[in-house]
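Quick note on the working numbering: the sequence shown kicks off at 7 and runs consecutively. Positions of the beta carbon are idealized from the N, C-alpha and C atoms, including for glycine. Because the structure is a prediction, the values reported are computed rather than measured. Data block below; observations after.
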Amino acid sequence: MNYNISDRINALQTSTTMDIAAKSIEMKSNGIDLIDLSVGEPDFPTPEHIKLAAKRALDNNQTKYTLNVGTLELRQAIAKKLLYDNNLQYSPGEIVVSTGAKQSLFNAIQVLVNEGDEVIVPTPTYVSYIQMIKLAGGIAGTVPTKEADQFKLKPEILLENITPKTKLLILCNPSNPTGTVYSPRELKDLAQIIVDKKLFVLSDEIYEKLIYDFLEFRSIASFNDEIKKRTVVVNGFSKSYSMTGWRIGYAAAEEEIMKNMAKLQSHSTSNASSISQAAALEALSASQEIVEFMRNKFEIRRDFIFTEINKIPGLSAIKPEGAFYLFVNVSELLNKQLNGYNFSTSSDLVIYLLEEAKVSTVPGTAFGAEGFIRISYANSMENLMSAVEKINQAVSKLF
Ligand SMILES: Cc1ncc(COP(=O)(O)O)c(C=O)c1O
C-alpha cells in the first residue's frame with residue numbers, strides 16, 4: 007500500500023535520541039542491566055505538593071477545557087515569575103501556556119518563520135529546532151561553535167553568518183547538549199547584534215534553574231526594551247520541577263507574536279491539560295526549596311562525572327555550567343586502529359558502550375557535532391559511579 011506520506015513529513019528526520027532511548031528500553035526489557043545515561047529528564051519524582059495539587063484539581067472537577075492560552079491564574083503566576091526571576095515585565099496577555107516547552111518552540115517558529123527565511127542555529131544543538139524550522143519552510147543555517155570557546159556563539163561569528171534572509175537566532179541557554187551558560191556580557195553583545203540587524207531571537211530557557219558555580223542566569227530579553235521586543239522567551243516545568251510527563255511549557259513575547267501563537271495553538275491542541283496547569287500553578291506558587299534541592303544534587307553529580315570522565319584516557323570534557331549533560335570529546339578514539347576496534351563515528355562508539363559497558367549515551371551527531379558523545383548525569387550517584395567504572399573498563403580495552 008502506498009500511503010503517499012506528505013513531502014513535509016518525509017523531509018523530517020526522526021529524533022536520534024529517541025531511537026537510542028528505544029534501543030535501551032528494548033535491552034532492558036530483555037533483562038539486560040543497563041545504565042541509561044541517554045535521557046533528558048530529571049530522575050527525581052515530581053515533588054509531592056505538586057502531585058497533591060493535581061489530585062485536588064481532579065477532585066474539584068477541573069477537568070474541562072481551559073482558556074486556549076492557559077488559565078489566567080497560571081499566566082499571572084508565570085508573569086510574576088518572569089518579573090521576579092528574570093526582571094522581565096509581561097502581562098498575562100503576552101504569555102501562552104503550551105503542551106510542553108516543545109510546543110511553544112514549535113508555535114514560535116511557525117509564527118516567525120516564512121518560506122525561505124534563514125534561522126541561525128548554533129551547533130551542537132537540541133535536535134528538534136532544525137526539524138521544526140524545516141516544517142515551517144525555513145532554512146536552518148547551522149553555525150558550528152568550538153569546544154575551545156566553551157561552545158558559545160561568538161558575536162563576530164554571528165555577524166558573519168547573517169544574510170539578508172536571516173530572520174531568527176535560536177539560543178539555548180543553558181545549553182542542551184553542552185551545558186554551556188552564557189555570561190551577561192556575552193548575551194548583551196549578541197542582543198546588540200539582534201537589535202542592530204533587526205532580527206529576532208528564540209530564547210530557550212528551559213534549563214534556567216539548573217545552573218552551577220553560583221553563576222547568574224540572565225535572559226537575553228532582559229537587557230533593554232528593544233531586545234525584549236525581538237525575543238520570544240520559552241520556558242517550562244519539565245526540567246526545573248521534574249515534570250516532564252505533565253507537558254507544561256510557556257512562551258512570552260510581544261502581544262502581536264503571542265496572539266498568533268495562540269491562534270495556531272487553538273487549531274492544534276487548544277489548551278494544555280487542565281490538571282497539569284493546576285499542578286504547574288502550585289509549582290510556581292509554593293516554596294522553591296525543592297528546586298534548589300534538586301539543583302544542588304545535580305551540581306554534586308556534575309562535579310563527580312566531570313572529574314571521573316576526564317580521568318579516562320581517550321575521553322575529555324569541558325566543565326558544564328548548567329543543564330545536566332556532559333559533552334565528552336571522543337575524537338581521540340575515532341578513526342584509529344585500537345586493539346582491533348575501529349570506530350569511524352561517535353555512533354559506533356555509543357553502540358560499543360551500549361554493548362560492552364551496558365551504558366547508554368547519545369552520539370554527538372544527534373546534535374550536529376561529530377567527535378563527541380553526550381552523557382546525561384540525571385541519574386543516581388550510585389548509577390553514575392557504576393557507569394563511570396564500566397565506561398572506564400570498556401574504553402581501557404581499546405588501548
Ligand atoms: C533544550 C530543550 N528545549 C526544550 C525541551 C522540551 O521540553 P518540554 O518537556 O517542556 O517540552 C527540551 C527537552 O529535552 C530541551 O532539552
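Residue i to residue j, Cα distance in whole Å?
i      : j      : result
THR105 : ALA278 : 5 Å
ASN93  : ALA17  : 40 Å
LEU287 : PHE304 : 24 Å
LEU321 : THR313 : 11 Å
TRP252 : ILE176 : 25 Å
ASP309 : TYR71  : 44 Å
GLY46  : VAL368 : 10 Å
GLU376 : ARG307 : 25 Å
THR172 : VAL125 : 6 Å
ILE254 : VAL103 : 7 Å
GLY185 : ILE324 : 9 Å
LEU359 : LEU43  : 11 Å
ALA393 : TYR347 : 21 Å
ALA85  : LYS160 : 31 Å
ILE226 : LYS234 : 8 Å
GLN19  : ASN66  : 42 Å
LYS140 : LEU174 : 14 Å
THR275 : VAL127 : 27 Å
TYR96  : LYS57  : 28 Å
THR169 : GLN156 : 25 Å
GLN399 : GLU361 : 13 Å
Output the boundary residues of the beta strand (DSSP E) element that contains residue i.
i      : result
ALA257 : 255 to 258
GLU124 : 124 to 129
ARG380 : 378 to 382
LYS173 : 172 to 178
VAL207 : 206 to 210
VAL117 : From DSSP, VAL117 is part of no beta strand (DSSP E) but of the alpha helix (DSSP H) over 106 to 118.
LEU332 : 331 to 335
VAL401 : It is not in any beta strand (DSSP E) - VAL401 instead sits in the alpha helix (DSSP H) that spans 387 to 402.
VAL238 : 237 to 242
VAL149 : 145 to 150
Is residue i near ligand 1, with its Cβ less than 8 Å from a heavy atom?
i      : result
LEU111 : yes
VAL368 : no
ARG253 : yes
SER97  : no
ASP195 : no
SER134 : yes
THR52  : no
LYS245 : yes
ASP202 : no
ASP210 : yes
ASN182 : yes
VAL365 : no
GLY242 : yes
TYR383 : no
ILE213 : What sits at residue 213 in the sequence shown is Tyr, not Ile. Yes, since a heavy atom of ligand 1 falls inside the 8 Å radius drawn around the Cβ of TYR213.
THR275 : no
ALA375 : no
GLY46  : yes
LYS86  : no
GLY328 : no
LYS108 : yes
THR250 : yes
Could you spell out the range, first to last residue, of the alpha helix (DSSP H) harbouring residue i?
i      : result
THR313 : 295 to 316
TYR358 : 352 to 358
ILE199 : 190 to 202
ALA286 : 280 to 291
LYS87  : 78 to 92
MET138 : 134 to 141
ARG62  : 54 to 65
ILE163 : 161 to 167
Assuming residue i and residue j form a contact by the criterion Cβ under 8 Å, report the distance between their Cβ atoms to the nearest whole angstrom.
i      : j      : result
GLY99  : GLN283 : That belief does not hold up - the Cβ atoms of GLY99 and GLN283 are roughly 17 Å apart, past 8 Å.
GLY370 : THR148 : Their Cβ separation, rounded to whole angstroms, is 13 Å, which puts GLY370 and THR148 out of contact at 8 Å.
PRO183 : PRO130 : 5 Å
GLU211 : VAL238 : Their Cβ separation, rounded to whole angstroms, is 11 Å, which puts GLU211 and VAL238 out of contact at 8 Å.
LYS158 : GLU214 : Between GLU214 and LYS158 the Cβ distance is about 17 Å, and since that is not below 8 Å, they are no contact.
ALA289 : TYR247 : 5 Å
SER352 : VAL336 : 6 Å
LEU64  : ILE311 : LEU64 to ILE311, Cβ: 39 Å. No contact.
LEU339 : LEU404 : 6 Å
MET249 : THR69  : With a Cβ gap of about 19 Å, MET249 and THR69 do not count as contacting.
LEU118 : PHE206 : 6 Å
ASN385 : ASP39  : Their Cβ separation, rounded to whole angstroms, is 14 Å, which puts ASN385 and ASP39 out of contact at 8 Å.
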